[in-house]
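Chains as they are written, first to last, in the working numbering: chain A, 195 to 532; chain B, 195 to 532.
Only one structure is covered here, and it is reproduced in the block below.
Protein chains: 2
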Amino acid sequence: MRRYDVNSESAHWDHQRSGFSNVDKKAQNTVTSMDAITADLVAVLVAVSDGNPKIMTIAHASALPSGPFQFAHRSLQMGLRAWVEAQTGRPIGYVEQLYTFADRGRTGDPDAPHRISISYLGLTREELMHHGSEAQWSSWYDYFPWEDHRAGAPALIAKTIAPKLRAWAKSEVNSALQKQRWRRAAITFGLDSHDWNEELALQRYELLYEASLIPEAVRDKGDGEPVVPGRAMTADHRRILATGIARLRAKIKYRPVVFELMPADFTLLQLQRSVEALAGRLVHKQNFRRLIEQQELVEETGAIAADTIGRPAKLFRFRQGVLAERAVIGSKLPLSRS
Amino acid sequence: MRRYDVNSESAHWDHQRSGFSNVDKKAQNTVTSMDAITADLVAVLVAVSDGNPKIMTIAHASALPSGPFQFAHRSLQMGLRAWVEAQTGRPIGYVEQLYTFADRGRTGDPDAPHRISISYLGLTREELMHHGSEAQWSSWYDYFPWEDHRAGAPALIAKTIAPKLRAWAKSEVNSALQKQRWRRAAITFGLDSHDWNEELALQRYELLYEASLIPEAVRDKGDGEPVVPGRAMTADHRRILATGIARLRAKIKYRPVVFELMPADFTLLQLQRSVEALAGRLVHKQNFRRLIEQQELVEETGAIAADTIGRPAKLFRFRQGVLAERAVIGSKLPLSRS
DNA sequence: TGGCTTATACTTATCCTGAGCATAATTCAA
DNA sequence: TTGAATTATGCTCAGGATAAGTATAAGCCA
Chain A
195 MRRYDVNSES AHWDHQRSGF SNVDKKAQNT VTSMDAITAD LVAVLVAVSD
245 GNPKIMTIAH ASALPSGPFQ FAHRSLQMGL RAWVEAQTGR PIGYVEQLYT
295 FADRGRTGDP DAPHRISISY LGLTREELMH HGSEAQWSSW YDYFPWEDHR
345 AGAPALIAKT IAPKLRAWAK SEVNSALQKQ RWRRAAITFG LDSHDWNEEL
395 ALQRYELLYE ASLIPEAVRD KGDGEPVVPG RAMTADHRRI LATGIARLRA
445 KIKYRPVVFE LMPADFTLLQ LQRSVEALAG RLVHKQNFRR LIEQQELVEE
495 TGAIAADTIG RPAKLFRFRQ GVLAERAVIG SKLPLSRS
Chain B
195 MRRYDVNSES AHWDHQRSGF SNVDKKAQNT VTSMDAITAD LVAVLVAVSD
245 GNPKIMTIAH ASALPSGPFQ FAHRSLQMGL RAWVEAQTGR PIGYVEQLYT
295 FADRGRTGDP DAPHRISISY LGLTREELMH HGSEAQWSSW YDYFPWEDHR
345 AGAPALIAKT IAPKLRAWAK SEVNSALQKQ RWRRAAITFG LDSHDWNEEL
395 ALQRYELLYE ASLIPEAVRD KGDGEPVVPG RAMTADHRRI LATGIARLRA
445 KIKYRPVVFE LMPADFTLLQ LQRSVEALAG RLVHKQNFRR LIEQQELVEE
495 TGAIAADTIG RPAKLFRFRQ GVLAERAVIG SKLPLSRS
């Protein structure tokens, strides 16, 4: 049974054996040409500005910032931090590891040496960046136009994606698998009375890749035709970005990470707009406020927002205390006392 | 501000710069002696039997199964799958990546070549294993005796851990940091009116390591005295195990992964016992059943459990359908319709 | 001033959760 | 054979969280 998970590699389910055994562990401290690999650190560095989610890109917005993990780095995360600081001139607050990829199939060349990509999600404020390098901010919806549902489901889903996926499903001869293909499409893209689930960003990308509807698939597999809009990236960077988006969308629901993207003072509407930008959908204003306040995530600064339209809003700041208080995560087990 | 997260590396917060830049990406396809590293795959392979959580270990239960990632492997996950199949004689169902570590500080030798550990969590049924190799099953509470709260908080927390952590906090001269140390101890170990949170397994291990109360810390750092019971492991394997435990404890709450550990047919009590074994705490029986049934995770087989004490229980099986239906994860955002 | 915009308070029905009571169906030992 | 022990299962009940909306406040601008 194939599984889809935010964290899953595309797991081909063949059962080939290899000579891999845990017994011969002794002689592995020497780097042989067979085992030697290189590791890249890849960053999904996120900011929000003007109510849009941005990511840092390089090479004319065609790649995520990445660089080799080097001997000088004491640890992976420090390697990444050092690199981001060199880019931005400032330390970033929040960094978490995303996923480690090593899929030769994705690079085209089957004889290529193993190259591992260790990807990270980083959150920062755009204001902290100094420009001028080849690095720039790009909206992540440039790469995933089907992910922005703030103004309703984008037209391209009904117009392009759904029909193409239906055709892709139909092209499978086995009728059970055919049904399964369409079911998967319907679930991930919210078709056929299924609700849209913003957390499935990675699954959607994987599906479009499998159906050969995006440039990366055509490039890697040599078949199909890229018909779905959205800017591609080098190597599997767009896949890594999808992983980051999915992770962040899941995380903002149970951890106060949005504040990493906010200025020190903000109104509740600004906060809401940031959340909406990340989630790609709108939230209920009054209930959003109730949620924020009841969780005691913020406190009033006393000041009032200037130069606004409509009734001026109070300014809030993040209550630093919660980071220490809240190791507590929501338990969904019906615990017993005794 | 230091953060604690299930996924965080122990992040030393110094701001050293390095020569790491994303500009010199071109010449990186050749493996130089500086950049060359080796990658190990490490598996936290979990089963439940006799109501206890087991992990597969090697080397007389002192290490997690691990082996080098080799050229023959098409992808990381396939390398791991191949390896586990060779060990168990059967494919495993559920595999997910845990974390990638590369912390030289933990190996003792500061000049050691970079060695990356890519760890995975795998779930299986003990019955599927063939024995006879150096591999064996061990209860994970042998390594983390303070994690089992099924019979109430273990005595060693109040008797040994809490006093030692208090002393560790006191040994800090800066009074603010001193307070912070104790606060952290209290939160992670459920002291001072804080509730026990079973998901903080990794944070607890990290704390004991920092406080030099376990053998690994003494081995790596050369100070302190290991006073807390619990079997140690080679390298940072116990840390990886803690990561796996934390991940699994979090995951059983929102994904139906427990069933990977169950036989085909089971009673609801058996299911409950498995969850309790993993979570390390007891759950409310009636509410647990309501939760399971309301989510339509299981269906009756029609049969009835034999050879039991008390009223015989119906047998259930996992409804395979849910894996296809439930891409849906709980949304905690107050979404709006319009 | 009236209309537009945003902020914020409050209401209402519904669902979910924690906690426990009550009863059913067995085994086992006196 | 009876009752204690043990497990299974049905049901209730209160409180809190959630979804959805109504109502009012406080600014701007034409």
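Glycine included, each C-beta is placed from N, C-alpha and C at the ideal position.
Predicted model only: the values in this text are computed from it and were never measured.
CB contact check: residue i to chain B, cutoff 8 Å
| i | result |
| --- | --- |
| A/V242 | no |
| A/K220 | Caution is warranted here: a pLDDT of 35 is assigned to A/K220, below 50, making its placement in the model unreliable, and the coordinate value is therefore given only provisionally. Output row for A/K220: interface = no. |
| A/M228 | Residue confidence is low: A/M228 scores 49 on pLDDT, short of 50, so the model does not pin down where it sits. No coordinate-derived value is stated. |
| A/Q372 | no |
| A/T251 | no |
| A/I351 | no |
| A/F482 | yes |
| A/K447 | yes |
| A/V452 | no |
| A/V469 | yes |
| A/H206 | The predicted position of A/H206 is uncertain, since its pLDDT is 23 and thus under 50; no value can be drawn from it. |
For residue i, the nearest candidate out of the options (CA to CA)
| i | options | result |
| --- | --- | --- |
| A/A473 | B/L517, B/A429, B/S530, B/V421 | B/S530 |
| A/G316 | A/G438, A/P506, A/Q480 | A/G438 |
| A/E470 | A/L442, A/T461, A/A363, A/R344 | A/R344 |
| B/Y314 | B/A518, B/T232, B/R441 | B/R441 |
| B/V451 | B/Y288, B/D234, B/G273, B/I252 | B/Y288 |
| B/I355 | B/E419, B/V238, B/V278 | B/E419 |
| B/V278 | B/V242, B/F482, B/L235 | B/L235 |
| B/K489 | B/I351, B/E400, B/K447 | The amino acid occupying residue 489 of chain B in the given sequence is Gln; Lys does not appear at that position. Nearest C-alpha to B/Q489: B/K447. |
| B/R483 | A/A499, A/R483, A/P528 | A/P528 |
| A/E341 | A/R511, A/I486, A/R425 | A/R425 |
| A/A405 | A/V477, A/L396, A/R375, A/K445 | A/R375 |
| A/Y403 | A/V422, A/W390, A/E392 | A/V422 |
| B/F460 | B/T495, B/A436, B/A444 | B/T495 |
| A/P409 | A/D430, A/Q397, A/S269, A/Q372 | A/D430 |
| A/P348 | A/G384, A/N368, A/A379, A/A370 | A/G384 |
| B/G610 | B/L239, B/S468, B/Q330 | Residue 610 of chain B lies beyond the stretch modelled for chain B, which goes from 195 to 532, so this question has no answer here. |
Enclosing beta strand (DSSP E) for residue i [first to last residue]
| i | result |
| --- | --- |
| B/Q291 | 288 to 295 |
| A/A497 | 492 to 498 |
| B/R511 | 508 to 512 |
In DSSP terms, what residue i is bridged to
| i | result |
| --- | --- |
| A/Q330 | A/T251 |
| B/N246 | B/S243 |
| B/S313 | B/V236, B/Y293 |
| B/R344 | B/G346 |
| A/P259 | According to DSSP, which records beta bridges pairwise, A/P259 is partnered with nothing at all. |
| A/I231 | B/I231 |
| B/D430 | Looking at the DSSP assignment, B/D430 forms no beta bridge with any residue, so it has no partner. |
| A/F460 | A/F510 |
| B/L529 | A/V477 |
CB contact below 8 Å: residue i versus chain A
| i | result |
| --- | --- |
| B/A518 | yes |
| B/P528 | yes |
| B/A255 | no |
| B/A426 | no |
| B/I286 | no |
Chain A residues whose Cβ lies nearer than 7 Å to that of residue i
| i | result |
| --- | --- |
| B/Y293 | Q291 |
Contact set between residue i and chain B, taken where Cβ atoms lie within less than 9 Å
| i | result |
| --- | --- |
| A/Y403 | Going along chain B, no residue has its Cβ under 9 Å from A/Y403, so there is no contact; the nearest lies around 15 Å. |
| A/L485 | K526, L527, P528 |
Contacts that residue i makes with chain B (C-beta to C-beta distance below 7 Å)
| i | result |
| --- | --- |
| A/A356 | Simply none; closest approach about 17 Å. |
| A/V477 | L527, P528, L529, S530 |
Chain B residues whose Cβ lies nearer than 8 Å to that of residue i
| i | result |
| --- | --- |
| A/R377 | A518 |
Within chain A, the residues that residue i reaches when beta carbons sit closer than 8 Å
| i | result |
| --- | --- |
| B/A473 | L527 |
Residue span of the alpha helix (DSSP H) that contains residue i, given as start and end
| i | result |
| --- | --- |
| B/P409 | 409 to 415 |
| A/R319 | Per DSSP, A/R319 belongs to no alpha helix (DSSP H) and is neither H nor E. |
| A/A356 | 356 to 364 |
| B/F482 | 479 to 488 |
| B/P376 | Per the sequence shown, residue 376 of chain B should be read as Trp rather than Pro. B/W376 -> alpha helix (DSSP H) spans 369 to 383. |
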